[in-house]
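Trainee:
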Amino acid sequence: FSRSEFDLTPYIHPGDNLLAVEVFKHSTAAFLEDQDMFRFSGIFRSVRLVAKPALHVEDLTIRATVDDTLKHGHLQVETTLSALHHMTGHMRLQLLNAENESIWSQDQALARTVAVQTTVAAPRLWSHQDPYLYRLQIELFDDHDQLVEVVPYVVGFRRLVLQNRVMTLNGQRLIINGVNRHEWDAHRGRAVTLADMHSDMQVFHKYHIN
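Using this note's numbering, read the sequence shown as starting at 27 and increasing by one per residue.
1. Determine the DSSP secondary structure at residue 137, reduced to helix, strand or coil.
2. One question on the structure: do residue 165 and residue 173 come within less than 8 Å of each other, judged by their Cβ atoms?
3. Helix, strand or coil for residue 174 per DSSP?
4. Quick one: grab the DSSP three-state call for residue 80.
5. Go to residue 167, then tell me how far its beta strand (DSSP E) extends in each direction, as first and last residue.
6. Can you look up residue 179 in the DSSP assignment and give me helix, strand or coil?
7. What does the Cβ neighbour count give for residue 50, buried or exposed, with the cut at 16 atoms within 10 Å?
8. Which one of 180, 77, 113 and 199 has the shortest CA to CA distance from residue 187?
9. State the start and end residues of the unbroken beta strand (DSSP E) segment that holds residue 108.
10. With residue 196 and residue 184 assumed to form a contact (beta carbons below 8 Å), what rounded beta-carbon distance in angstroms separates them?
11. Which value, in whole angstroms, describes the spacing of the CA atoms of residue 235 and residue 167?
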């Protein structure tokens with residue numbers, strides 16, 4: 027189920043290109059039942075060809091935490107950038123609430139690694155009963171001040187603590203209900219559709235499964 031990525035840059039040429047994928051398993055018996063699931067050969071997820079811009083957010087780390095008073099949120103963002111040519115321009119980071127209102131914004135000069143942090147006063151905390159999410163938006167501008175890439179990411183503030191063998195979420199004891207689940211379709215096997223995923227989520231919500 028782990029994805030595989032390949033750099034096809036040296037093989038792409040102007041005009042028509044053919045992308046072909048083959049999957050190999052150990053033997054013809056690899057489809058046989060294994061405990062409570064079936065092993066199938068094949069591609070379970072989409073195959074995509076992705077082109078990234080010359081200036082690109084290569085990696086992103088976001089940490090959203092809350093202090094022990096639950097009144098101050100701390101947001102740390104670290105980005106790793108890649109550039110086909112010289113890394114000139116600037117980056118704009120912005121945090122928006124669910125109503126699309128900007129509550130923090132900062133411009134930063136470009137570098138291979140950019141790290142910023144800010145404090146959010148009285149953040150609305152994420153919980154299972156109130157899964158409130160903010161949106162972090164990163165915009166990259168080149169040296170002509172032209173927007174070349176936008177990276178949006180949802181962020182939730184919460185405080186998860188294990189103390190005296192009791193797990194608490196935002197100061198309240200957290201009881202986690204879990205089930206054993208396999209992604210499975212009766213007709214397509216491991217290749218589940220978006221409708222299958224929505225159906226599973228409806229069952230989770232109906233029976234209060236985290």
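Note that beta-carbon positions come from the ideal geometry of N, C-alpha and C, so glycine has one too. It should be emphasised that the depicted structure is a prediction, and the values quoted were computed from it without experimental measurement.
Mentor: Checking against the coordinates, here is how it stands:
1. Along the sequence shown, read from residue 1 onward, the residue named residue 137 stands at position 111. Coil at residue 137, not helix or strand.
2. Your numbering for residue 165 matches position 139 in the sequence shown. Your numbering for residue 173 matches position 147 in the sequence shown. Taking 8 Å as the Cβ cut-off, residue 165 and residue 173 qualify as a contacting pair.
3. The residue labelled residue 174 in the question sits at position 148 within the sequence shown. Strand, per DSSP.
4. Residue mapping note: residue 80 aligns to position 54 of the sequence shown, counting from 1. In this structure, residue 80 counts as coil in the three-state DSSP scheme.
5. Locating residue 167 in the sequence shown gives position 141, where the first residue counts as 1. Unbroken beta strand (DSSP E) run through residue 167: 160-167.
6. Your numbering for residue 179 matches position 153 in the sequence shown. Strand at residue 179.
7. Indexing the sequence shown from 1 puts residue 50 at position 24. Taking every protein chain shown into account, the CB of residue 50 has fewer than 16 other CB atoms within 10 angstroms, so this residue is exposed.
8. Along the sequence shown, read from residue 1 onward, the residue named residue 187 stands at position 161. Scanning 180, 77, 113 and 199 for the CA closest to the CA of residue 187 turns up 199.
9. As a position in the sequence shown, residue 108 is number 82, starting the count at 1. Run containing residue 108: 98-109, per the beta strand (DSSP E) assignment.
10. Along the sequence shown, read from residue 1 onward, the residue named residue 196 stands at position 170. Along the sequence shown, read from residue 1 onward, the residue named residue 184 stands at position 158. Yes, they are in contact, since the Cβ atoms of residue 196 and residue 184 sit about 6 Å apart, within 8 Å.
11. Working through the sequence shown from its first residue, we reach residue 235 at position 209. Working through the sequence shown from its first residue, we reach residue 167 at position 141. Cα to Cα, the separation comes out at about 42 Å.
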